[in-house]
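Contents: one structure, followed by commentary.
There are 2 protein chains.
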Amino acid sequence: MTARLHEAALADLAARALAGLGLDPRDAADAARILVLGELMGLSTHGIGRIESYGERLDLGGIKARPAIRVDKVAAAIAKVDGDNGVGPLVGMRALQAAMELARETGVGIVFARASNHFGPVAPYSLLAAEAGFASIIGSNASTTIAPWGGRDARLGNSPVGFCVPNPGGQPILLDMALSVVARAKIRNAAKRGEAIPPTWATDKDGKPTTDPKAALDGFLLPIGGHKGYGLALIVDLFAGLLSGAAFLTHVSSWSENPEAPSDLGHFFLLIDTARLGPPEWLAARMQDFLAILHSTPPADPAAPVLAPGEIELDKLERHRRDGIALDPALIASLEALAARASART
Amino acid sequence: MTARLHEAALADLAARALAGLGLDPRDAADAARILVLGELMGLSTHGIGRIESYGERLDLGGIKARPAIRVDKVAAAIAKVDGDNGVGPLVGMRALQAAMELARETGVGIVFARASNHFGPVAPYSLLAAEAGFASIIGSNASTTIAPWGGRDARLGNSPVGFCVPNPGGQPILLDMALSVVARAKIRNAAKRGEAIPPTWATDKDGKPTTDPKAALDGFLLPIGGHKGYGLALIVDLFAGLLSGAAFLTHVSSWSENPEAPSDLGHFFLLIDTARLGPPEWLAARMQDFLAILHSTPPADPAAPVLAPGEIELDKLERHRRDGIALDPALIASLEALAARASART
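Set out below in structure tokens:
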């Protein structure tokens, strides 16, 4: 049995659950927006289910429910955000809002956030920026799961990064990815099924490529394109962690191993106001042409037409906005239980 | 037999050769700077040898020797450059200089260039930016060699992109790459030697992965990480081509097939002034820590220590600056012959 919820009801439930965990109701609504959009885009590993795990750390004092988030403008087009160890999507929303303000003024804005936590999926931030006319590059660092190329010790996070260009005439092009070939969950699933994995997915604990999912779980994720993906993951950490003043590489505290310790994660939000480059009709015509060239490519497999990045997620979002989204009743019940804490408190 | 030249002599020779091709001597010196730095970094496929091929197109009228390059500031932090079909590294240097000016004012600057040509390697631009204290993301589009993921027609260039963070205490971290698993030249070399290639390098003309280098040369380069590298190559073209007002995807005219036609390539130069984030000592200490964590990683192969992106190229640059660089005398002779045209003209 599943329950079907529409976006407004889901946003209300997620916000009440976060408020139940102690967040200011306005902050809770902002943070909920990211997780609800992620859920509606089909990114359920980074959707409203995260509220429960954020809640565990809030309860342990590993995250502050009522942070004093500070935004310092350090140049006409740059701000630094101190997240004061708040919930990640809340710090992320404040940083996104600050980047929008800067980019509206000067055409470009970059915000570096530190003292933050897991900020949810990247795609919702990219989408909110695109809906306001901004092209964007957005990234976060993460705790270590990847060995440097040629190394045999996890010293680098599988940092997510998103790139997006808005389309005033339709869907934006939105690439949201991490730099590993696959997520760890895919290796866990292969291990459960007792299946071999391709040698390109991961190494064993000695840094040698392996087809044994169990050896891979003791080892490290492999980045896409070998030294290229390794380099890209480093760059995301340099922008999100090093330049922001946050922790980086092995300094990022692991959420699962040290739930009470602040993670001091860092993010960056770079926005470009496309309205400064040409009128919306100009951009819409060029995006339509660009997408038409991709979509008309003869496919290698006639049953699988060529897609643009983000198309699957944005189609899901549209469908879920129209029809509502089917959710596990147990998840809804657990969020309602968190929400009930707020009423208990007053 | 090889000739050994020092940087100053090489820069002088390259500038004279470009002036011999009709460039204004000041423009020639600027364009030469990029190709000479590329040569000294060991990027010889994108080094001074390019002057001969640029020359063929200049002689055919496919590139203008004396372009009227225009810089239009469209926002406090954004400028658009019209390269007027000038030599790529000249348009690139003008765009880089404009981006530096913007970033010095507002902390961030982005310049979109159109009506340009092959702009040489990315790394020299990144290095010049880093030496002036700017972190950077720089990219260009290119004529089509990659099929969209799941497609069987080349509709996407193997666009180069560079990311760099300066280090006031030593070498910057500099990632300069294209999004294919390997360059086409590597497949040509395998074909010459009659060797099979890994199935991850390229597809045949039907878009199916192949181990036959000859079939691969009739087919398409594969991007790193499948749909991820495809997405990244698209993003570089969206920023460099679509947002800049240049040609994009299949609209980019092929240099080898249509040498007389303007390529209308596009580039973007995004610079961030790191001095706004903290004093040089702060950045130097963080970069030293970051690099130490990478370098101290136990290597999978004890003979191959873990490196940071750009380390090999920046070490070569240092060595060549100290000892000079050994060059093929035939290349030097051909550049001298181009240079002699200038004196013939006066």
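If you read the protein sequences in the order shown, they are chains Z and D. Take any residue in the first sequence, note its place counting from 1, add 858, and you have its number in the working numbering. Take any residue in the second sequence, note its place counting from 1, add 858, and you have its number in the working numbering. C-beta atoms are modelled at their ideal positions from N, C-alpha and C, and glycine is treated no differently.
Query                                                                                                                                                            : Result
Are the beta-carbon atoms belonging to residue 1240 of chain D and residue 1145 of chain D less than 7 Å from one another?                                       : What the structure shows of chain D is the stretch from 859 to 1204, and residue 1240 of chain D is not part of that stretch, so it cannot be assessed.
Looking at the C-beta of residue 1035 of chain Z, does it have a partner C-beta in chain D at a distance below 7 Å?                                              : yes
Just list the residues that DSSP pairs residue 1125 of chain D with in beta bridges.                                                                             : D:971, D:998
Would residue 1174 of chain D count as contacting chain Z if we go by Cβ distances under 7 Å?                                                                    : no
Relative to the C-alpha of residue 1074 of chain Z, which candidate in Z:1084, Z:1048, Z:1097 has its C-alpha closest?                                           : Z:1048
Which residues in chain Z have a C-beta closer than 9 Å to the C-beta of residue 1106 of chain D? List them in chain order.                                      : 1144, 1147, 1148, 1151
Scan the region 908-936 of chain Z and note each continuous beta strand (DSSP E) run of 3 residues or more that stays entirely inside, going in chain order.     : 928-933
Runs of 3 residues minimum, wholly inside the region 1062-1147 of chain D: which ones carry the beta strand (DSSP E) assignment?                                 : 1123-1131
Tell me which residue opens and which closes the beta strand (DSSP E) that residue 1165 of chain D is part of.                                                   : Where residue 1165 of chain D is concerned, there is no enclosing beta strand (DSSP E), given that its DSSP letter is neither H nor E.
Using a 10 Å radius around the Cβ and a threshold of 16 neighbouring Cβ atoms, would you call residue 943 of chain Z buried or exposed?                          : buried
Which first and last residues belong to the beta strand (DSSP E) in which residue 882 of chain D is found?                                                       : Residue 882 of chain D -> no beta strand (DSSP E), and no H or E assigned at all.
With distances taken from CA atoms, which of Z:929, Z:1120, Z:1137, Z:1050 is nearest residue 919 of chain Z?                                                    : Z:1120
From D:1192, D:1188, D:1194, D:1177, pick the residue whose C-alpha is nearest to that of residue 899 of chain D; which is it?                                   : D:1177
Going by alpha carbons, who is nearest to residue 971 of chain D out of D:1072, D:937, D:1017?                                                                   : D:937
Hey, how far is the Cα of residue 1029 of chain Z from the Cα of residue 1169 of chain Z?                                                                        : 8 Å
Below 7 Å on C-beta distance, what does residue 1021 of chain D contact in chain Z?                                                                              : 1093
Are residue 1001 of chain Z and residue 1112 of chain Z closer than 7 Å when you measure CB to CB?                                                               : yes
Where residue 1040 of chain D and residue 1081 of chain Z are concerned, what is the direct C-alpha to C-alpha distance, given to the nearest angstrom?          : 16 Å
Quick one: does residue 981 of chain Z have its CB under 7 Å from some CB of chain D?                                                                            : no
Could you give the first and the last residue of the continuous alpha helix (DSSP H) run that contains residue 1035 of chain D?                                  : It is not in any alpha helix (DSSP H) - residue 1035 of chain D instead sits in the beta strand (DSSP E) that spans 1031-1035.
Taking DSSP as the reference, what is the three-state secondary structure of residue 978 of chain D?                                                             : coil
Among the residues of its own chain, which have a CB less than 6 Å from the CB of residue 1071 of chain Z, if the five just before and after it don't count?     : 1045, 1048, 1049, 1055
Check whether the region 1007-1014 of chain Z and the region 1149-1168 of chain D touch, using three or more Cβ-Cβ pairs below 8 Å as the test.                  : yes
Can you tell me where the beta strand (DSSP E) holding residue 946 of chain D begins and where it ends?                                                          : Note, residue 946 of chain D: premise wrong, no beta strand (DSSP E); alpha helix (DSSP H) at 946-964.
Rounded to whole angstroms, what's the CA-CA distance from residue 1155 of chain D to residue 1164 of chain D? Just pull it up for me.                           : 7 Å
At a threshold of 6 Å, does residue 1012 of chain Z count as lining the ligand SAH (C-beta to nearest heavy atom)?                                               : Because no ligand of any kind appears in the structure shown, any question about the ligand SAH cannot be addressed here.
Between the alpha carbons of residue 866 of chain D and residue 1083 of chain D, how many angstroms are there, rounded?                                          : 41 Å
To the nearest angstrom, how far is the alpha carbon of residue 914 of chain Z from that of residue 926 of chain Z?                                              : 21 Å
Which class does residue 1010 of chain Z belong to by DSSP, given the choice of helix, strand or coil?                                                           : coil
In chain D, which residues lie less than 7 Å from residue 1134 of chain Z when you measure between Cβ atoms?                                                     : 932, 933, 936
Counting along the chain, where does the alpha helix (DSSP H) carrying residue 1045 of chain D start and finish?                                                 : 1042-1051
Output, in sequence order along the chain, the residues in the region 995-1012 of chain Z whose CB is closer than 9 Å to any CB in chain D.                      : 995, 1005, 1006, 1007, 1008, 1009, 1010, 1011
Let's test the definition: count the other Cβ atoms within 10 Å of the Cβ of residue 1187 of chain D and tell me whether it reaches 16, buried, or not, exposed. : exposed
Taking the alpha-carbon positions, what's the residue 924 of chain D to residue 906 of chain D distance?                                                         : 20 Å
Within the 7 Å Cβ cut-off, does residue 973 of chain Z reach chain D?                                                                                            : no
Between which two residues does the beta strand (DSSP E) holding residue 1019 of chain D run?                                                                    : 1019-1023
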